[in-house]
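In the working numbering, the protein residues as written are 1 to 113.
The beta carbon of each residue, even a glycine, is placed where N, CA and C say it ideally should be.
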């Protein structure tokens with residue numbers, strides 16, 4: 001299982017510009033998370049491409065693992081949509097080929113100008 005801990009993302013963006021984001025989840029289950037299967041994916045709507053790729057995986061080089069009880073902060077760059085408006089920014093843990101698990105991150109409504 002997983003627990004959402006925190007996230008950082010700007011609430012206002014300019015069309016097409018890139019920004020840093022980070023999301024932290026805690027491994028509250030009894031399974032080791034590894035790069036081969038575990039990631040965060042966009043949610044709300046599920047698997048959306050609003051801010052770029054809809055998946056952020058654990059690092060593969062060096063191989064990253066997250067033991068039960070440990071936290072993982074995903075640091076990544078997002079690109080604002082090319083159309084002005086309001087967009088949901090929300091993520092959730094997933095195990096590829098198995099499904100989503102744990103709660104989603106807090107939803108942030110981002111205004112794109």
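I want to know whether the region 61–72 touches the region 95–110 - three or more CB-CB distances under 8 angstroms.
By the Cβ test, the region 61–72 is not in contact with the region 95–110, since fewer than three Cβ pairs between them sit closer than 8 angstroms.
Go ahead and label residue 40 buried or exposed: buried means 16 or more other beta carbons lie within 10 angstroms of its beta carbon, across all protein chains shown.
Per the 10 Å Cβ criterion, buried.
Using CA atoms only, rank isn't needed, just tell me which of 113, 112, 87 and 3 is closest to residue 46.
Per the Cα distances, 87.
Out of 6, 29, 54 and 35, state which residue places its alpha-carbon closest to the alpha-carbon of residue 44.
Nearest C-alpha to residue 44: 54.
Looking only at its own chain, which residues have a Cβ that is under 6 angstroms from the Cβ of residue 12, when we skip the five neighbours before and after it?
Setting aside the 5 residues that flank it on each side, residue 12 is surrounded in the same chain by 111, each with a C-beta closer than 6 angstroms to its C-beta; the list follows chain order.
Regarding residue 40 and the ligand SAM, is the C-beta to nearest heavy atom distance less than 7 angstroms?
No copy of the ligand SAM appears in this structure; indeed no ligand is present at all.
What's the C-alpha gap between residue 64 and residue 74?
Roughly 12 angstroms between the two C-alpha positions.
Buried or exposed (CB count within 10 angstroms, at least 16 for buried), residue 106
Its Cβ having fewer than 16 others within 10 Å, residue 106 is exposed.
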